[in-house]
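Residue numbers (my numbering): -6 to 185.
Where a beta carbon is used, it is the ideal one built from N, C-alpha and C, also for glycine.
Nothing here was measured: the structure is a model prediction, and the numbers come from that model.
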Amino acid sequence: MTAGDPLSGLDDVPWADLKHCFGAADDVPGHLRAVRAGGQEGRYPAIVLLWNNVVHQGTRAEATVHTIPFLVRMALDSGVPDRHRVVGLLGATAIGLDNNHLPDGYDPSLDRAELVELRGQAGEFAQWIAEAEDEKQGKEREAQWAELLITAEAGPLCYRAVRDALPALAGLLKADGGGAARGSGEPAGLVP
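Listed below in structure tokens is the structure:
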């Protein structure tokens, strides 16, 4: 891949070791490539499938934070079809579902507080794991606890990653959207 390719480094991420909202994230590179190409995957646009896997009903997963650098670069690449959808997905990776935060807006300190509270319950979870009926149930409980932590950590990590990319993304708000103007006065990078 070339240095200008927004998916440069995609194969360096250990996707098979990461989880998205429905399990192993090994399908994420294919979804990102299909989004980059503007393609469909079956009946659905690739962006819909990617969105569903990395931000399902507002929940952000472990793999979500790893998609953000690629989404940012695709949003900034005028050759990517439907960049406005990529920008929409970036917003969702940052805050979850926007309508969950109406009318007051998103408060990132609530996600951080939830994570701190969950970490504070580590002793209770350790006891719950220790009280398992057998080794199998103990391992299942350990996995559930680990998954709760990973999911709770994903929110603040995703928010921070998108927040850190905002200076670069702000150029999309200019009249030319970082590319050729479309004549409507709306940002070219955000118009369907």
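Integer-rounded CB distance, given that residue j should sit under 8 Å from residue i
i, j, result
"R134", "T86", "Their Cβ separation, rounded to whole angstroms, is 29 Å, which puts R134 and T86 out of contact at 8 Å."
"L0", "R29", "6 Å"
Alpha-carbon spacing of residue i relative to residue j, whole angstroms
i, j, result
"Q130", "P149", "30 Å"
"A39", "G31", "7 Å"
"A106", "D100", "10 Å"
"R66", "D97", "30 Å"
"A119", "E55", "22 Å"
"E128", "L142", "21 Å"
"A9", "A158", "26 Å"
"G51", "A123", "32 Å"
"L165", "A115", "43 Å"
"C14", "K167", "34 Å"
"G81", "V109", "28 Å"
Closest Cα partner of residue i within the set the options
i, options, result
"A138", "A161, L25, G113, D19", "Looking at the sequence shown, residue 138 is not Ala but Trp. The residue with the shortest Cα to Cα distance from W138 is G113."
"R153", "L95, P74, G89", "G89"
"G2", "I61, I143, P101, A158", "I61"
"A27", "D75, G(-3), S71", "D75"
"D(-2)", "F63, F15, E117", "F63"
"G16", "V80, L108, W121, N46", "N46"
"A163", "A68, L95, E140, A18", "A68"
Beta-carbon spacing of residue i, residue j below 8 Å
i, j, result
"V6", "H49", "no"
"L111", "A145", "yes"
"E186", "L42", "Residue numbering for the chain in the displayed model covers -6 to 185; residue 186 lies beyond these limits and cannot be assessed."
"V155", "L83", "yes"
"T57", "A136", "no"
Three-state secondary structure assigned by DSSP to residue i
i, result
"G16", "strand"
"P7", "coil"
"P38", "strand"
"Q114", "coil"
"V73", "coil"
"Q50", "coil"
"A85", "helix"
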